[in-house]
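J.: Just add 11 to the spot in the first sequence (first one is 1) and you have my numbering. Just so you know, even glycine gets a beta-carbon here, dropped at the ideal spot from N, CA and C. Fair warning: this is a prediction, and the values are worked out from it, not measured in the lab.
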Amino acid sequence: MKQINQDFFARNTLVVAKELLGKIIKVGNVSGMIVETEAYRDDPASHAYNKTLRSKLMYDTWGHVYVYFIYGNHWCLNFTTEKNKPGAVLIRALQPLSGIDLMKKRRKTENIKQLTNGPGKLTQALGITNKFNGEVIGKHIKVFDNNLKFEIIQTTRIGISVAKDLPWRFYIKGNPWVSKF
DNA sequence: TACTGGATTCACT
DNA sequence: GTGAATCCAGTAA
C-alpha cells in the first residue's frame with residue numbers, strides 16, 4: 012500500500028475531499044478507511060472565512076493535520092489543502108480496519124458501528140487530540156492509497172452553509188459507517 | 001476580563 | 001424528537 016505524499020493535498024479542496032474517500036488513515040496500530048468527508052473553503056460556514064490563529068493552518072499549509080475542539084466535548088480531524096488558498100477537508104467517518112479492540116476500549120462500546128461513524132467519534136477511537144495539530148501528514152497520522160472502486164455521493168448540508176459552489180460533502184454509497192448527521 | 005456560540009454526541013422521553 | 005454536557009477560540013470592551 013502506497014503512502015500519500017503532500018502533493019496530493021496541494022489541489023482543489025473538493026477534488027481532495029472526493030479522492031480521500033477509500034483512503035486508509037493509520038495512527039499507530041489503529042487504522043480505518045475514510046468513508047465520509049466534508050470540504051471547507053473560503054466560505055462563511057468555515058473557519059477559513061476569517062484568518063485567525065486557529066484557522067491560520069488552513070491558509071498557510073497543505074497536507075497538514077488540523078485538529079480543533081468543539082462543543083466542549085469533541086475533537087475534529089481535518090487535513091489542510093491548496094497551496095495558495097485557504098482550505099481543509101474534515102474527516103467525518105471511517106470504517107474500522109485494524110486496532111479495533113483499542114478503538115472499543117477508547118470509545119467504551121462493543122458496537123463496531125458506533126466506533127467511528129462521526130467526526131467526534133473517530134478522533135476518540137484513533138486517540139487524536141490537539142497534540143497532533145499542525146503536524147505534517149505522515150508523521151503520526153499516515154494516509155495510504157487503496158485502489159478500491161465504489162459509488163460516491165455528493166451532497167450539501169442545507170441550513171449550515173451559505174457557500175456558493177455547493178455541494179461539498181462526499182460519502183461512499185451504502186457504507187454502514189457513514190454518519191447520519 | 002467576560003461573554004458567546006459551535007464542522008457533536010449521548011441519554012432520555 | 002429533545003435537551004444537556006462541556007470548554008475553547010473569537011470578539012468586544
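1) Per the contact definition of three or more C-beta pairs closer than 8 Å, is the region 126-140 in contact with the region 35-48?
2) Quick check: the region 112-125 against the region 80-89, are there 3 or more CB pairs under 8 Å?
3) Less than 8 Å between the C-beta atoms of Ala-21 and Val-100, yes or no?
4) According to DSSP, is Met-114 part of a helix, a strand, or is it coil?
5) Taking Ala-99 as part of the beta strand (DSSP E), name the residues at either end of that continuous run.
6) Does the beta-carbon of Asn-122, which I'm using as the reference point, lie nearer than 7 Å to any heavy atom of the ligand ZN?
7) Could you tell me how far apart the beta carbons of Asn-95 and Tyr-77 are, in whole angstroms, since I believe they sit closer than 8 Å?
8) What runs of the beta strand (DSSP E), each 3 residues or longer, lie entirely inside the region 129-167?
9) Do Ile-148 and His-75 have their C-beta atoms within less than 8 Å of each other?
T.: To lay it out plainly:
1) yes
2) no
3) The residue you call residue 21 lines up with position 10 of the first sequence. The residue you call residue 100 lines up with position 89 of the first sequence. No. Outside cutoff.
4) Residue numbering aside, residue 114 sits at position 103 when the first sequence is read from its first letter. It is helical.
5) In the first sequence, counting from the first residue as 1, residue 99 sits at position 88. Unbroken beta strand (DSSP E) run through Ala-99: 99-109.
6) In terms of ligand content, the structure shown is empty, and the ligand ZN therefore cannot be addressed.
7) As a first step, residue 95 must be located in the first sequence, where it is residue number 84. As a first step, residue 77 must be located in the first sequence, where it is residue number 66. Between Tyr-77 and Asn-95 the Cβ distance is about 17 Å, and since that is not below 8 Å, they are no contact.
8) 152-155, 163-166
9) Position 137 of the first sequence, counted from the first residue, corresponds to residue 148. Position 64 of the first sequence, counted from the first residue, corresponds to residue 75. Yes. Within cutoff.
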